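A.B. asks: Handing you a structure now.
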Amino acid sequence: MATSLDLINQAPKGTKLWLLHVGNLECDEAWFKRGGGTSTLSNPHPNRERRKLIMVSVLIEHPVEGLILFETGSGKDYPEIWGAPINDIFARVDYTEEQELDVQIKKTGHDIKDVKMVVIGHLHLDHAGGLEYFRNTGIPIYVHEKELKHAFYSVATKSDLGVYLPHYLTFDLNWVPFSGAFLEIAQGLNLHHAPGHTPGLCILQVNMPKSGAWIFTTDMYHVSENFEESVPQGWLAREHDDWVRSNHMIHMLQRRTGARMVFGHCTKALEGLNMAPHAYE
């Protein structure tokens with residue numbers, strides 16, 4: 001039977017994957033959905049919809065490379081670290097200690113100290129704040145070169161300070177940048193450069209032995225409408241033309257692979273899926 005070339009690179013037998021629930025946010029949907037709550041002449045005072053969002057990290061037990069973590073969530077004590085203005089806009093809600101990254105990893109039977117590699121889709125604070133766990137450990141932190149440069153520049157010049165924060169952009173992390181449009185980070189794990197939301201954002205494609213292909217989009221798509229209806233992001237958008245091109249690339253990739261889509265913050269997309277401790281193979 002004919003197989004897409006995108007599926008040739010299969011993860012080894014014995015690979016396991018866990019979805020980690022690392023927190024919840026609530027914010028105005030106009031941040032991530034273009035036109036959300038827009039007033040018109042006929043309706044100058046529309047209802048402003050606030051949406052509850054989930055934060056998800058992915059843990060992969062790889063027989064060759066060991067334990068791989070895709071994104072880290074926001075980190076500990078983030079309402080205090082983020083500060084009142086940001087936490088009021090992107091509010092933490094429905095919090096329990098069980099949502100902390102190290103606790104979620106323990107639910108899989110592992111310890112956060114067992115992680116051998118961290119892969120960051122993009123360096124916004126709610127996806128990379130948990131890098132604080134890996135300071136002074138030597139654990140490689142893989143991130144696209146454009147994302148790393150942009151994040152440090154944004155903090156140093158305050159040109160995009162807020163979505164990036166300095167407490168996790170430190171020199172005691174073992175940054176391992178990569179460049180180009182594609183990287184096979186491990187057997188069965190492929191990174192695709194998908195700029196738009198940020199210059200160096202990368203999605204993760206995982207070809208699992210039993211459960212098939214998965215695409216973890218990080219914030220290329222915050223919610224299902226961004227993908228299913230090709231609705232661009234709202235106030236969190238940066239490069240619109242890049243986003244359109246990346247959107248086309250991902251739609252074609254999903255069509256070729258039939259991959260399950262897991263978006264950056266969408267609870268709807270997780271319906272029917274099991275969070276840790278359940279493991280996918």
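Here UniProt numbering is used: position 253 in the sequence shown is 253, and no number is missing along the way. Even for Gly, the Cβ is constructed at its ideal location relative to N, Cα and C. Since the model is a prediction, treat every value here as computed from it, not as a measurement.
(1) Taking contact to mean at least 3 C-beta pairs separated by less than 8 Å, is the region 166-179 in contact with the region 214-227?
(2) Name the two residues that bound the continuous alpha helix (DSSP H) containing residue 247.
(3) Leaving out the 5 sequence neighbours to the left and right, which residues in its chain are closer than 7 Å to residue 39 when beta-carbon positions are compared?
(4) Where do the ends of the beta strand (DSSP E) carrying residue 18 lie?
(5) Quick one: what's got a C-beta closer than 6 Å to residue 69's C-beta in the same chain, skipping five residues either side?
(6) Judging by CA-CA distance, which residue of 278, 263, 247 and 231 is the nearest neighbour of residue 30?
(7) Quick check on DSSP: helix, strand or coil for residue 234?
(8) Quick check on this structure: which residue in 91, 64 and 65 has the alpha carbon closest to the alpha carbon of residue 77?
(9) Does the Cβ-Cβ distance between residue 279 and residue 107 come in under 7 Å?
(10) If you draw a straight line from the alpha carbon of residue 145 to that of residue 57, how long is it in whole angstroms?
(11) Give me the residue from 8, 203 and 126 with the minimum Cα distance to residue 25.
(12) From residue 199 to residue 109, what does the alpha carbon distance come to, in whole angstroms?
(13) Go through the region 69-97 residue by residue and report every complete run of the alpha helix (DSSP H) that reaches 4 residues or more, in order.
(14) For the alpha helix (DSSP H) that contains residue 178, what are its first and last residues?
(15) Which ranges does the beta strand (DSSP E) cover as unbroken runs of at least 3 residues, wholly within the region 102-158, from first to last along the chain?
(16) Do we get a CB-CB distance below 7 Å when we pair residue 225 with the residues of chain B?
(17) If you follow the alpha helix (DSSP H) that residue 57 is part of, which residue opens it and which one closes it?
C.D. replies: So, to answer that:
(1) Judged by Cβ distances under 8 Å, the region 166-179 makes no contact with the region 214-227, as fewer than three pairs qualify.
(2) 240-257
(3) Result list for residue 39: 45 and 46, in chain order.
(4) 16-28
(5) 59, 115 and 118
(6) 231
(7) coil
(8) Nearest of 91, 64 and 65 to residue 77, Cα basis: 91.
(9) no
(10) 21 Å
(11) Residue 25 has its Cα closest to that of 126, out of 8, 203 and 126.
(12) 35 Å
(13) 78-82 and 84-89
(14) Where residue 178 is concerned, there is no enclosing alpha helix (DSSP H), although the beta strand (DSSP E) it sits in stretches over 174-178.
(15) 115-119 and 140-144
(16) Within the model displayed, chain B is absent; a lone protein chain is all it includes.
(17) Note, residue 57: premise wrong, no alpha helix (DSSP H); beta strand (DSSP E) at 50-62.
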